[in-house]
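Note sheet for the following structure.
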Amino acid sequence: MTIAIQRTTFSRLTCLTVAGPLWAAVSLAQAATRDGFDLIRHPLSALSNGSLGWLQITNFLVAGVLTIVGATGLRQATSSRWAPRLVLVNGIGMIAAGIFSMDPADGFPTGTPAGIPETMSWHSYGHMAAGSIAFFSLIAACYVLARHFARNGNRRDAALSTIAGTALLLGDGWAMTGGPAGSLTLAVGAITAMLWVAIVASRLR
3 MTIAIQRTTF SRLTCLTVAG PLWAAVSLAQ AATRDGFDLI RHPLSALSNG
53 SLGWLQITNF LVAGVLTIVG ATGLRQATSS RWAPRLVLVN GIGMIAAGIF
103 SMDPADGFPT GTPAGIPETM SWHSYGHMAA GSIAFFSLIA ACYVLARHFA
153 RNGNRRDAAL STIAGTALLL GDGWAMTGGP AGSLTLAVGA ITAMLWVAIV
203 ASRLR
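With our numbering, you'll find the sequence shown wraps up at 207, consecutive numbering, no jumps.
Set out below in structure tokens:
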């Protein structure tokens, strides 16, 4: 690998290293400060609503672009064929989730009636589809990385990859079935998986 290619790969992997922590930090900062937001009841995607909704929309878009760029670096830095592709799909899903925002619901933003709306807008359906694509591709990427590490004899990272993917799988499944505090378990699972991918990218640099 030439020096120029090494530098390009380093830069692209840096994008992937930053994407997850940036999205998590911006989302959690808003969750802690936005009036009326309760992570027990409201998914982080709900932050795309209200007068400050542009912050979360931008957060999705920026993190998505960084993830897409980072996926190309992952392709150059690892022998895994599918992990970079799945991370790429995850980035596309994040961008789509930013473009299609979910509907206000359950008291957020402040002034929104309690409970879930009886009908959903087209862009809310779009957000759900984009979120599903982003989550499932991220789960799959974690499991593919686990297999990749296991083949290379790295049992520790194989186990951590499996844990990260399973955390998101269980968190998303619990939220989709309407389990108590489902938005919280989904947030924990998503951030865990995103941070693990960021750690993998950081090591590959």
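Ideal placement from N, C-alpha and C gives every residue a C-beta, glycine not left out.
Run of the alpha helix (DSSP H) containing residue i, from where it starts to where it stops
i, result
"N92", "W84 to I101"
"N61", "G55 to A79"
Backbone CA spacing between residue i and residue j [nearest angstrom]
i, j, result
"A166", "G117", "31 angstroms"
"A177", "N154", "34 angstroms"
"L172", "G181", "11 angstroms"
"A26", "A65", "10 angstroms"
"T179", "T10", "43 angstroms"
Within 8 angstroms, strictly: CB atoms of residue i and residue j
i, j, result
"A132", "A99", "yes"
"T69", "M104", "no"
"P106", "N156", "no"
"L162", "A79", "no"
"A195", "A169", "yes"
"A85", "A143", "yes"
"V146", "L90", "no"
Alpha helix (DSSP H) runs contained entirely in the segment 147 to 206, provided each spans 4 or more residues = Within the segment 147 to 206, the complete alpha helix (DSSP H) segments of 4 residues or longer fall at 157 to 178 and 184 to 206, listed in chain order.
Is the number of C-beta pairs between the segment 73 to 82 and the segment 14 to 22 that are closer than 8 angstroms three or more?
-> Output reads yes: the segment 14 to 22 touches the segment 73 to 82.
Determine, using beta-carbon pairs with one atom in the segment 140 to 160 and one in the segment 118 to 127, whether at least three such pairs fall under 8 angstroms.
-> Flag = no, the segment 140 to 160 and the segment 118 to 127 do not touch.
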